[in-house]
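Novice: Residue numbers (numbering that gives the first Met the number 0): 0 to 212. Even for Gly, the Cβ is constructed at its ideal location relative to N, Cα and C. The structure presented is a predicted model; accordingly, all values stated were derived computationally and were not measured. I have a structure I would like to understand better, so I am pasting it below and will then ask my questions one at a time.
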Amino acid sequence: MPEVDDFFRLKEYDSLGREAMVAKSAMDEELARLKRREAELAERRELLATREAEVRAMNHKMAELDRLLTQRLAPEAISKLEEEGLEILVRQQELEILIEEDRTFLAGFSATIEDIRRDIDNKLSELRLKEKVALDRQKALIPDLPEGWLVSYQKIAAKNPAHGVFSRIQSQQCQFCRFAVSKSVESEVDTQYQLKACSSCGRLFLPYKAVAG
Ligand SMILES: [Zn+2]
Numbered sequence: 000m001p002e003v004d005d006f007f008r009l010k011e012y013d014s015l016g017r018e019a020m021v022a023k024s025a026m027d028e029e030l031a032r033l034k035r036r037e038a039e040l041a042e043r044r045e046l047l048a049t050r051e052a053e054v055r056a057m058n059h060k061m062a063e064l065d066r067l068l069t070q071r072l073a074p075e076a077i078s079k080l081e082e083e084g085l086e087i088l089v090r091q092q093e094l095e096i097l098i099e100e101d102r103t104f105l106a107g108f109s110a111t112i113e114d115i116r117r118d119i120d121n122k123l124s125e126l127r128l129k130e131k132v133a134l135d136r137q138k139a140l141i142p143d144l145p146e147g148w149l150v151s152y153q154k155i156a157a158k159n160p161a162h163g164v165f166s167r168i169q170s171q172q173c174q175f176c177r178f179a180v181s182k183s184v185e186s187e188v189d190t191q192y193q194l195k196a197c198s199s200c201g202r203l204f205l206p207y208k209a210v211a212g
């Protein structure tokens with residue numbers, strides 16, 4: 000015969016499962032955070048490489064202009080080349096400033112990301128331990144649950160219903176969804192401590208004695 004303590008065990012089982020789930024999603028969040036920062040770093044490195052490539056292309060262009068200017072050219076052609084050279088110089092100066100900024104940023108950021116990685120690694124092992132402890136404690140409760148309870152629990156838990164898997168009977172209704180509950184079911188739950196699910200929302204009814212705890 001099930002007893003009221005079985006319901007406390009089932010509630011404990013449920014809250015441990017929730018704890019493990021919270022730890023798991025915190026781990027996912029930490030990993031996503033690391034990924035975002037790494038993407039930021041990669042993006043800036045790529046930007047720097049693009050700017051450096053542009054500087055190299057401009058150096059070639061300048062050499063080419065210098066070579067052309069040593070030839071005999073019409074005055075209009077010379078001033079056109081000189082104008083072009085001036086534009087290149089202006090852009091090169093802009094790029095040098097940007098590249099300097101990129102390098103400063105990357106130097107600082109590389110150090111930062113090492114800290115972030117270390118920090119995240121620490122958090123992850125903490126969370127992993129939390130998850131493991133919760134899951135182990137959960138597992139240890141299984142042999143003490145009445146037969147069939149785990150299956151009933153898992154059926155509703157798999158749906159991960161909002162506000163949890165438990166409900167109670169109040170004025171012959173499911174407290175959660177207001178679906179009618181017969182007097183006999185009410186007494187099976189409250190006096191015989193049977194595990195019954197609401198026929199409408201599927202939540203498991205806690206006997207009133209197990210609600211307070
Ligand atoms: Zn219900």
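Please state whether DSSP places A161 in a helix, a strand or coil.
Specialist: Note: A161 maps to coil in three-state DSSP.
Novice: Would you mind listing the beta strand (DSSP E) stretches within the stretch 31–81 that are 3+ residues and don't spill past its ends, in chain order?
Specialist: Entirely contained in the stretch 31–81, not one beta strand (DSSP E) run reaches 3 residues.
Novice: Is T136 helix, strand or coil by DSSP?
Specialist: It is Arg, not Thr, that sits at residue 136 in the sequence shown. In this structure, R136 counts as helix in the three-state DSSP scheme.
Novice: Specify whether the stretch 48–65 and the stretch 127–134 touch according to this definition: at least 3 beta carbon pairs, one from each stretch, less than 8 Å apart.
Specialist: The stretch 48–65 vs the stretch 127–134: no contact.
Novice: Could you tell me how far apart the beta carbons of L94 and E53 are, in whole angstroms, since I believe they sit closer than 8 Å?
Specialist: At roughly 6 Å, the Cβ-Cβ gap stays under 8 Å, so L94 and E53 are in contact.
Novice: Quick one: residues with CB closer than 6 Å to any heavy atom of ligand 1, in chain order, please.
Specialist: Matched residues: S166, C173, F175, C176, F178, C197, S199, C200 and R202.
Novice: Within the same chain, show all residues whose beta-carbon is closer than 8 Å to that of S199, passing over the 5 residues directly before and after it, in chain order.
Specialist: Cβ neighbours of S199 beyond the five flanking positions: C173, C176 and F178.
Novice: Quick one: grab the DSSP three-state call for S284.
Specialist: Since the first residue of the chain shown is 0 and the last is 212, residue 284 is not available in this structure.
Novice: Would you mind giving the Cβ-Cβ distance between L205 and A196, rounded to the nearest angstrom? I have them listed as a contact below 8 Å.
Specialist: That pair is no contact at about 12 Å.
Novice: I168 bridges to which residues according to DSSP?
Specialist: According to DSSP, which records beta bridges pairwise, I168 is partnered with C173.
Novice: Should the stretch 155–167 be called in touch with the stretch 10–25, which here means at least 3 C-beta pairs below 8 Å?
Specialist: The answer is yes - the stretch 10–25 touches the stretch 155–167, with three or more Cβ pairs under 8 Å.
Novice: Counting Cβ pairs, one atom from each stretch, are 3 or more of them under 8 Å apart for the stretch 104–112 and the stretch 29–47?
Specialist: As far as the Cβ criterion goes, the stretch 104–112 touches the stretch 29–47, which means the pair count is three or higher.
Novice: How is F204 classed by DSSP in three states: helix, strand or coil?
Specialist: Residue state, collapsed to three classes: strand.
Novice: Just list the alpha helix (DSSP H) runs in the stretch 77–108, keeping only unbroken ones of 4 residues or longer that don't cross its boundaries, in chain order.
Specialist: Entirely contained in the stretch 77–108, not one alpha helix (DSSP H) run reaches 4 residues.
Novice: Tell me which residue opens and which closes the alpha helix (DSSP H) that L149 is part of.
Specialist: Looking at the DSSP string, the run of the alpha helix (DSSP H) that includes L149 is W148 to A156.
Novice: Have a look at A19 and W148 and give me their C-alpha separation to the nearest angstrom.
Specialist: Going by the C-alpha atoms only, they are around 20 Å apart.
Novice: If the criterion is Cβ atoms closer than 8 Å, does the pair E37 and I112 meet it?
Specialist: Taking 8 Å as the Cβ cut-off, E37 and I112 qualify as a contacting pair.
Novice: Out of K122, R127, I141 and D189, which one is the CA nearest neighbour of R167?
Specialist: Comparing Cα positions, the closest option is D189.
Novice: If distances are taken between C-alpha atoms only, which option among Q193, K182 and D120 comes closest to L33?
Specialist: Considering only alpha carbons, the answer is D120.
Novice: For L123, which residues in the same chain have their Cβ closer than 7 Å to its Cβ, ignoring the five residues on either side in sequence?
Specialist: Result list for L123: M26 and E29, in chain order.
Novice: On a Cα-Cα basis, can you pick out the residue from I77, N159 and P145 that is closest to L194?
Specialist: It is P145.
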